[in-house]
Ligand SMILES: NC(=O)c1ccc[n+]([C@@H]2O[C@H](COP(=O)([O-])OP(=O)(O)OC[C@H]3O[C@@H](n4cnc5c(N)ncnc54)[C@H](OP(=O)(O)O)[C@@H]3O)[C@@H](O)[C@H]2O)c1
């Protein structure tokens, strides 16, 4: 049986069954510097994770009664919320509980927003950031732009065509493995080096046609982008095919509107802090496409 070293800091990773959190846990799993604790809001999953030898705890962000037990002994917290306006109450209550539990450092997964932006879901994340700062705990704010993995999820490639919902505007993007590498490094090394810092992750900026050229090369077939409008995204998200909380869905449409009309033109820019944190260059879109070739075209 492995002996637990109680002198090492405990890192609690929220959302460890989701796409970002899962990669962070992987990034930290062979780490000798910290002890990783994962959470789930399903008891059977907590049990299954424990069977696999993980320090797993039950935590439901909608139920503050579950916070104290999950936070006991935690030194560093990775705060991730899902695609919902409930993130406001979830984060407020969890930050309060973290303070009471003696958490030293919060690393928050936010958005790539200018301070005065008016898009709702960006504003929610910014309110959470300010609340973290006001808590007095050490903090690090992460600002990833559009995940490259969205090209696999919302409107995946089909018959050589994929969709972008901001016309021919450029979107800045980042590969999830880079987000996880940045978060993992900060959680491993802690607040001495990283407290009070903001890190921006928009490592490449492409419009649909530019992305299509790269995808055509990697997948060795003609790929085209279907330039859609923000309202098309609204129709898709409200169709019921993709389970999305309505407030977040509306905010996503507003995001695309503001990218198109220029209020959020900066979304199409590059600002790459990945190497400053990890020491390694970020992933190009071409490299990402190569690594995800099978997921882009499942039958290839
Ligand atoms: N997509 C983008 O381009 C983009 C860009 C920048 C920032 N973001 C931000 O990224 C965040 C989402 O990250 P993601 O893509 O990794 O999300 P995700 O894949 O949807 O995963 C969400 C995670 O949160 C957990 N969760 C949801 N509700 C919970 C609750 N009530 N209690 C406990 N756990 C709960 C889920 O657990 P279950 O397994 O139980 O569901 C899951 O592990 C959002 O805050 C979003 O604003 C996204």
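In the UniProt record's numbering, the protein residues as written are 1 to 300. Cβ atoms here follow ideal geometry from the backbone N, Cα and C, with glycine treated the same way. Please read all numbers here as calculations on a predicted model, not as lab measurements.
At a cut-off of 7 Å, is residue i close to ligand 1 when judged by its beta-carbon and the heavy atoms of the ligand?
i, result
"residue 62", "yes"
"residue 278", "no"
"residue 264", "no"
"residue 146", "yes"
"residue 290", "no"
"residue 40", "yes"
"residue 140", "no"
"residue 150", "yes"
"residue 20", "yes"
"residue 199", "no"
"residue 111", "yes"
"residue 121", "yes"
"residue 16", "yes"
"residue 296", "no"
"residue 81", "yes"
Report the rounded CA-to-CA distance for residue i versus residue j, giving the unit in angstroms.
i, j, result
"residue 161", "residue 34", "44 Å"
"residue 2", "residue 113", "Caution is warranted here: a pLDDT of 49 is assigned to residue 2, below 50, making its placement in the model unreliable, and the coordinate value is therefore given only provisionally. Whole-angstrom Cα-Cα distance: 43 Å."
"residue 9", "residue 267", "36 Å"
"residue 156", "residue 100", "43 Å"
"residue 192", "residue 104", "11 Å"
"residue 198", "residue 134", "16 Å"
"residue 281", "residue 274", "7 Å"
"residue 65", "residue 91", "14 Å"
"residue 40", "residue 61", "10 Å"
"residue 50", "residue 175", "29 Å"
"residue 283", "residue 146", "14 Å"
"residue 295", "residue 152", "7 Å"
"residue 209", "residue 164", "10 Å"
"residue 219", "residue 293", "7 Å"
"residue 277", "residue 177", "13 Å"
"residue 250", "residue 85", "11 Å"
"residue 30", "residue 168", "42 Å"
"residue 43", "residue 227", "43 Å"
"residue 72", "residue 117", "36 Å"
"residue 46", "residue 213", "44 Å"
"residue 229", "residue 246", "18 Å"
"residue 231", "residue 253", "7 Å"
"residue 137", "residue 194", "13 Å"
"residue 233", "residue 120", "16 Å"
"residue 81", "residue 52", "25 Å"
"residue 201", "residue 63", "31 Å"
"residue 279", "residue 181", "10 Å"
"residue 148", "residue 20", "12 Å"
"residue 16", "residue 25", "7 Å"
"residue 83", "residue 248", "6 Å"
By DSSP's criteria, residue i is part of a beta bridge. Which residues make up the other side?
i, result
"residue 121", "None; residue 121 has no bridge partner."
"residue 61", "DSSP, once it has assigned bridges, lists no residue as partnering residue 61."
"residue 158", "161"
"residue 40", "58"
"residue 226", "163"
"residue 147", "174"
Over the uninterrupted beta strand (DSSP E) stretch that includes residue i, give me the two end residues.
i, result
"residue 11", "10–13"
"residue 144", "138–144"
"residue 94", "No beta strand (DSSP E) holds residue 94; the alpha helix (DSSP H) holding it covers 87–101."
"residue 151", "Taken as a continuous stretch (DSSP letters only), residue 151 belongs to no beta strand (DSSP E), being part of the alpha helix (DSSP H) at 150–153."
With respect to the alpha helix (DSSP H) encompassing residue i, which residues constitute its N-terminal and C-terminal limits?
i, result
"residue 112", "Premise fails: residue 112 is in no alpha helix (DSSP H) and is neither H nor E."
"residue 257", "246–261"
"residue 170", "Note, residue 170: premise wrong, no alpha helix (DSSP H); not H, not E."
"residue 295", "293–296"
"residue 28", "19–29"
"residue 79", "That residue, residue 79, is in no alpha helix (DSSP H); its beta strand (DSSP E) goes 76–79."
"residue 70", "67–71"
"residue 275", "274–278"
Given the structure, does residue i come close to ligand 2, in the sense that its CB is under 7 Å from one of the ligand's heavy atoms?
i, result
"residue 283", "Ligand 2 is not among the ligands present in this structure, which contains only ligand 1."
Contiguous beta strand (DSSP E) assignments of at least 3 residues, all confined to the segment 174–223: Counting only runs of 3 or more, we get 197–202 and 204–206.
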